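Trainee: Here you go, one structure.
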Amino acid sequence: VDKEYPAQYITIKNKRMVNPNPDDVKRISSERPAINNALNTWTEQPVEDLLFSLPVQGRLSSPFGLKRFFNKQPKNPHSGLDIAAPTGTTIAAPAPGMVINTGSYYYNGNTVFLDHGQGLVTGYFHMSKITVKAGQIVEQGTKLGEVGETGRVTGPHLHWNVYLNKTKVDPALFVSELSTPKAENAP
Numbered sequence: 410v411d412k413e414y415p416a417q418y419i420t421i422k423n424k425r426m427v428n429p430n431p432d433d434v435k436r437i438s439s440e441r442p443a444i445n446n447a448l449n450t451w452t453e454q455p456v457e458d459l460l461f462s463l464p465v466q467g468r469l470s471s472p473f474g475l476k477r478f479f480n481k482q483p484k485n486p487h488s489g490l491d492i493a494a495p496t497g498t499t500i501a502a503p504a505p506g507m508v509i510n511t512g513s514y515y516y517n518g519n520t521v522f523l524d525h526g527q528g529l530v531t532g533y534f535h536m537s538k539i540t541v542k543a544g545q546i547v548e549q550g551t552k553l554g555e556v557g558e559t560g561r562v563t564g565p566h567l568h569w570n571v572y573l574n575k576t577k578v579d580p581a582l583f584v585s586e587l588s589t590p591k592a593e594n595a596p
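Put into structure tokens, the structure is as follows:
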């Protein structure tokens, strides 16, 4: 079934985050293998529960799937759920898993990827601080880091992605008390 997603228009002050220069493009290309390795993770570990808690408390500012325009230029659809919160707000694991990658990436900023088993991977972007390390086992509620505004952002928030066998899935589908919010123009 086709679904129609609304448009979201965002102004990014740092123009290089919309139109990267050649050095930025090299950096982005060099980061791609590490991100792909995280998304290609598949472990036998069974998923304990498909019902997740929200990783951070805050305002749901941008839902999954929005048609995105940065500085009036069409870009890729929004691939996750944005939760606006003050810088330094704790980000917690929404379900048990293992940290498979941490790093600082051009668009995503400070990032953590978790493996929940059976091809279910979650990503946490734009963090001000990362408090876990690759290989670490985490329980639901374990602190992963803190909300920030690193990478391509307009303000402090968590961008939360869910992937199933490398396919982006709406995180709201995994949180029972969550209804998909309407699009706003920040962050």
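Under the numbering used here, the first residue of the sequence shown is numbered 410, with each subsequent residue one higher. Virtual Cβ for every residue (Gly too), placed ideally from N, Cα, C. Since we're looking at a predicted model, the values are computed, not measured.
Would you mind reading off the limits of the beta strand (DSSP E) that contains LEU567?
Mentor: Sequence index remark: in the sequence shown, residue 567 carries index 158 (1-based). 566-573 is the extent of the beta strand (DSSP E) around LEU567.
Trainee: Check LEU463 in the structure and name its three-state DSSP category.
Mentor: Position 54 of the sequence shown, counting from 1, holds the residue named residue 463. Coil.
Trainee: Quick check on the DSSP output: what are the complete beta strand (DSSP E) runs of length 3 or more inside the region 446-494, in order along the chain?
Mentor: Listed in chain order, they are 468-471, 476-479, 490-493.
Trainee: Under a three-way DSSP split, which group does ASP411 fall into?
Mentor: Translated into the one-based positions of the sequence shown, residue 411 becomes position 2. Note: ASP411 maps to coil in three-state DSSP.
Trainee: Using only the alpha-carbon positions, how far apart do SER585 and LEU460 sit?
Mentor: Sequence index remark: in the sequence shown, residue 585 carries index 176 (1-based). Sequence index remark: in the sequence shown, residue 460 carries index 51 (1-based). Each residue's Cα considered, the two are about 7 angstroms apart.
Trainee: Smallest Cα separation from ASN445: which of PRO472, PHE522, ARG425, ASP432?
Mentor: Taking the sequence shown and counting its residues from 1, the one referred to as residue 445 is at position 36. Of the listed residues, the one whose Cα sits closest to ASN445 is PHE522.
Trainee: Is the region 543-553 touching the region 467-474 in the sense that three or more CB pairs, one from each, lie closer than 8 angstroms?
Mentor: The region 467-474 vs the region 543-553: no contact.
Trainee: So, do the region 476-491 and the region 411-430 have three or more beta carbon pairs nearer to each other than 8 angstroms?
Mentor: The region 476-491 is in contact with the region 411-430.
Trainee: Can you say whether SER488 is buried or exposed, counting buried as having 16 or more other CB atoms within 10 angstroms of its CB?
Mentor: Counting from 1 along the sequence shown, the entry for residue 488 is found at position 79. By the neighbour-count rule (16 or more Cβ atoms within 10 Å), SER488 is buried.
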